[in-house]
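Residue numbers 1 to 315, in our numbering, belong to the letters of the sequence shown in order.
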Amino acid sequence: MKTHFSSFEQYTIAEASIDESQINGQGGAPAPILTLPVSLDVSHGYLSPQEGLEIISLEGKLMHNAGSRIRSAVSPIHHRLEQKFSTLKQQHCYLEFSINANWLAAIEAQRAGGDVKFRVELLLLASKLFALNERSVAQPGLTLVWGYCGTWRLHLQADLIIPRDTWISQVLSRTGYGITHILEFPAAPVESRHALNHSFMALKQAEEKHRLGFYDDAAGKCRLAIEPFFEFEKVDPNHPASRTIPVLKKSWETKLGKATYDWLKVTLGSIKDAANVSHHSPNAHYSQLDSQMILAVTTAVVAYIARNLKPEELK
């Protein structure tokens with residue numbers, strides 16, 4: 001993205017370039033920072049021998065409509081332009097915005113697996129100078145003494161679209177958001193692979209969706225993974241048109257014992273409820289941490305079922 005600042009006097013002298021793919025995070029979970037790289041070009045070809053221009057600093061404000069918070073950062077520059085040296089090319093500035101996990105969570109909830117859109121405001125601070133002495137032919141190397149004439153504030157506003165892959169790999173991972181903790185579960189027996197193929201495939205798809213940042217879809221796949229464990233029964237068995245509800249397979253109570261069956265029924269019901277939020281509400285979305293937790297618990301329960309029920313009992 002390249003765009004111009006507002007004019008200095010009657011001249012447009014500055015422009016900024018931002019490569020959205022180079023935006024990244026730093027600091028980890030203890031001190032997360034969002035770094036915005038800005039390449040600055042300033043050129044003023046209308047300066048007289050006695051005129052100068054000092055570029056003092058670049059300030060940035062970053063806004064996201066997930067919340068009203070505005071993050072600010074300043075990068076000092078202090079570079080003087082004069083008639084013989086009237087151009088500043090590719091001045092690299094790095095604006096560092098302090099952020100926190102709550103701000104990231106609000107953005108994640110709204111992002112819903114897509115790109116991230118920010119509104120950026122840049123302010124370039126520049127001072128007009130006038131030489132108090134004058135170079136002569138006899139003294140070409142004379143150091144000019146500059147006097148201050150006034151300060152100009154040059155503004156720029158633009159939309160930034162951070163690609164989804166950049167946001168996940170360079171911002172979330174480096175700011176410690178939703179840090180992954182690896183848990184080891186007992187491996188499911190090979191014999192149960194065919195009987196639980198639907199569940200295994202759904203969990204594999206959930207892992208892929210989570211890796212790509214589609215957290216709503218990942219939770220939905222977890223819900224699909226446990227569907228084969230339920231059967232439908234009528235709310236009113238005496239009424240032919242009674243609606244049906246999913247219940248854990250009744251035959252498992254005999255095979256597992258009542259205590260284990262009741263525990264498993266509550267656990268699977270909790271997974272189904274947790275994974276159903278965005279399925280029933282278009283305005284509700286999962287964060288990276290939500291997706292991780294649902295995926296971890298679902299994987300553990302499927303592995304438990306695979307180890308405690310024989311393949312023929314899973315049907």
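Even glycine gets a Cβ: it sits at the ideal position worked out from N, Cα and C.
#1: Please return the same chain residues whose Cβ sits closer than 8 Å to the Cβ of S127, not counting the five positions on each side in sequence.
#2: Assign Y286 to one of three DSSP states: helix, strand, or coil.
#3: DSSP state of Y177, grouped into three classes?
#4: Using a 10 Å radius around the Cβ and a threshold of 16 neighbouring Cβ atoms, would you call T254 buried or exposed?
#5: Among T267, L248, V171 and K249, which residue has its Cα nearest to the Cα of G27?
#6: Kindly indicate which residue of Q157, K265, I99 and E51 has the alpha-carbon position closest to the one of A16.
#7: In this structure, does DSSP put A112 in helix, strand or coil?
#8: By how many angstroms is the C-alpha of V302 removed from the C-alpha of L289?
#9: Between L142 and R135, what straight-line distance do the alpha-carbon atoms span, to the nearest angstrom?
#10: Could you check what DSSP says for Y261 in three-state terms: helix, strand or coil?
#11: Can you tell me the Cα-Cα spacing of L47 and L125, whole angstroms?
#12: Which residue from L123, C93, N24 and G45 puts its Cα closest to that of L87?
#13: Going by alpha carbons, who is nearest to E59 out of P37, I23, N65 and I271?
#14: As a quick exercise: from W103, E313, D273 and N133, pick the residue whose alpha carbon is nearest that of W317.
#15: Along the chain, where does the beta strand (DSSP E) containing H4 start, and where does it finish?
#16: Can you find a heavy atom of the ligand GTP that lies under 7 Å from the Cβ of S39?
#17: Residue ranges of each beta strand (DSSP E) run of no fewer than 3 residues wholly in the region 210-240, ordered along the chain?
#18: What residue from C93, I294 and S287 has the CA that sits closest to G114's CA?
#19: Give a yes or no on whether the C-beta atoms belonging to Q383 and S39 are separated by under 8 Å.
#20: Which one or two residues does DSSP pair with V74 in a beta bridge?
#21: Taking I99 and L34 to be in contact with their CB atoms under 8 Å, please state how far apart those CB atoms are, rounded to whole angstroms.
#22: Can you tell which of F229, P311, A274 and F230 has the C-alpha that lies nearest to the C-alpha of A218?
#23: Have a look at the DSSP bridge pairing and note the partners of S17.
#24: Give the C-beta separation of N24 and R174 to the nearest angstrom, bearing in mind that I take them to be a contact with Cβ-Cβ under 8 Å.
#25: List the endpoints of the continuous beta strand (DSSP E) containing E96.
#26: Pick helix, strand or coil for R135, following the three-state DSSP scheme.
#27: Looking at the unbroken beta strand (DSSP E) that takes in W167, where does it start and where does it end?
#28: What number of angstroms, rounded off, separates the C-alpha of L196 from the C-alpha of G176?
#29: Using alpha carbons as the reference points, say which of V297, I294, E207 and T260 lies closest to L309.
#30: Excluding the 5 residues flanking R80 on each side, which residues of the same chain have their C-beta closer than 8 Å to its C-beta?
#31: T254 lies in the alpha helix (DSSP H); which residues open and close that run?
#32: I need the straight-line Cα distance from V120 to D19, nearest angstrom please.
#33: What three-state label does DSSP hand R307 in the structure shown?
Let me spell this out:
#1: Numbered from its first residue, the sequence shown carries residue 127 at position 127. Taken in chain order, the residues that qualify are L53, E54, I56, Y148, C149, G150, T151 and W152.
#2: What you label residue 286 is simply residue 286 of the sequence shown in a count that begins at 1. Residue state for Y286 is assigned as coil, using DSSP reduced to three classes.
#3: Within the sequence shown, the letter at position 177 stands for residue 177. DSSP places Y177 in the coil class of the three-state scheme, outside both helix and strand.
#4: Locating residue 254 in the sequence shown gives position 254, counting from the first residue. Classification of T254: exposed, given that the 10 Å Cβ count is below 16.
#5: The residue you call residue 27 lines up with position 27 of the sequence shown. Here the closest residue by C-alpha is V171.
#6: Here residue 16 refers to the residue found at position 16 of the sequence shown. Out of Q157, K265, I99 and E51, Q157 has the C-alpha closest to the C-alpha of A16.
#7: For this step, residue 112 is matched to residue 112 along the sequence shown. Looking at A112 - three-state DSSP - the assignment turns out to be coil, as it is neither helix nor strand.
#8: In the sequence shown, the residue the question calls residue 289 occupies position 289. In the sequence shown, the residue the question calls residue 302 occupies position 302. Straight through space, the alpha carbons of V302 and L289 are spaced by roughly 20 Å.
#9: Position 142 of the sequence shown, counted from the first residue, corresponds to residue 142. Position 135 of the sequence shown, counted from the first residue, corresponds to residue 135. Approximately 6 Å between the Cα atoms of the pair.
#10: Position 261 of the sequence shown, counted from the start, is the residue given in the question as residue 261. Y261: helix per DSSP, three-state reduction.
#11: To locate residue 47, count along the sequence shown from 1; it is residue 47. To locate residue 125, count along the sequence shown from 1; it is residue 125. Whole-angstrom Cα-Cα distance: 18 Å.
#12: To locate residue 87, count along the sequence shown from 1; it is residue 87. Checking the displayed sequence, the identity of residue 87 turns out to be Thr instead of Leu. The shortest Cα separation from T87 among L123, C93, N24 and G45 belongs to G45.
#13: Counting from one through the sequence shown, the residue named residue 59 turns up at place 59. Comparing Cα positions, the closest option is P37.
#14: Residue 317 is absent from the model: the chain starts at 1 and stops at 315.
#15: One-based indexing of the sequence shown puts residue 4 at position 4. Residues K2 to H4.
#16: By its list of ligands, the structure shown contains no ligand whatsoever, and the ligand GTP lies outside what it can speak to.
#17: You should have 230-234.
#18: The count along the sequence shown starts at 1 and reaches residue 114 at position 114. Out of C93, I294 and S287, the CA that lies nearest to the CA of G114 is found in S287.
#19: Since the first residue of the chain shown is 1 and the last is 315, residue 383 is not available in this structure.
#20: Here residue 74 refers to the residue found at position 74 when the sequence shown is read from its first residue. V74 pairs with E59.
#21: Taking the sequence shown and counting its residues from 1, the one referred to as residue 99 is at position 99. Taking the sequence shown and counting its residues from 1, the one referred to as residue 34 is at position 34. Their Cβ separation, rounded to whole angstroms, is 5 Å, which keeps I99 and L34 in contact under 8 Å.
#22: For the purposes of this step, residue 218 is taken as residue 218 along the sequence shown, with counting starting at 1. Here the closest residue by C-alpha is A274.
#23: Along the sequence shown, one-based indexing puts residue 17 at 17. Per DSSP, K2 and S39.
#24: Within the sequence shown, numbered from 1, the residue matching residue 24 stands at position 24. Within the sequence shown, numbered from 1, the residue matching residue 174 stands at position 174. Their Cβ separation, rounded to whole angstroms, is 6 Å, which keeps N24 and R174 in contact under 8 Å.
#25: One-based indexing of the sequence shown puts residue 96 at position 96. Boundaries of the beta strand (DSSP E) around E96: T87 to S98.
#26: Sequence index remark: in the sequence shown, residue 135 carries index 135 (1-based). Correct three-state label for R135: coil.
#27: What you label residue 167 is simply residue 167 of the sequence shown in a count that begins at 1. Here W167 belongs to no beta strand (DSSP E), and DSSP marks it neither H nor E.
#28: Translated into the one-based positions of the sequence shown, residue 196 becomes position 196. Translated into the one-based positions of the sequence shown, residue 176 becomes position 176. Cα to Cα, the separation comes out at about 34 Å.
#29: Translated into the one-based positions of the sequence shown, residue 309 becomes position 309. Looking at the Cα atoms, T260 is the closest of the given residues.
#30: Position 80 of the sequence shown holds residue 80. These residues qualify, in order along the chain: G52, L53, E54, I55, L129 and W146.
#31: Counting from one through the sequence shown, the residue named residue 254 turns up at place 254. S251 to L256 is the extent of the alpha helix (DSSP H) around T254.
#32: Position 120 of the sequence shown, counted from the start, is the residue given in the question as residue 120. Position 19 of the sequence shown, counted from the start, is the residue given in the question as residue 19. The alpha-carbon atoms of V120 and D19 are separated by roughly 13 Å.
#33: Within the sequence shown, numbered from 1, the residue matching residue 307 stands at position 307. Three-state DSSP puts R307 in a helix.
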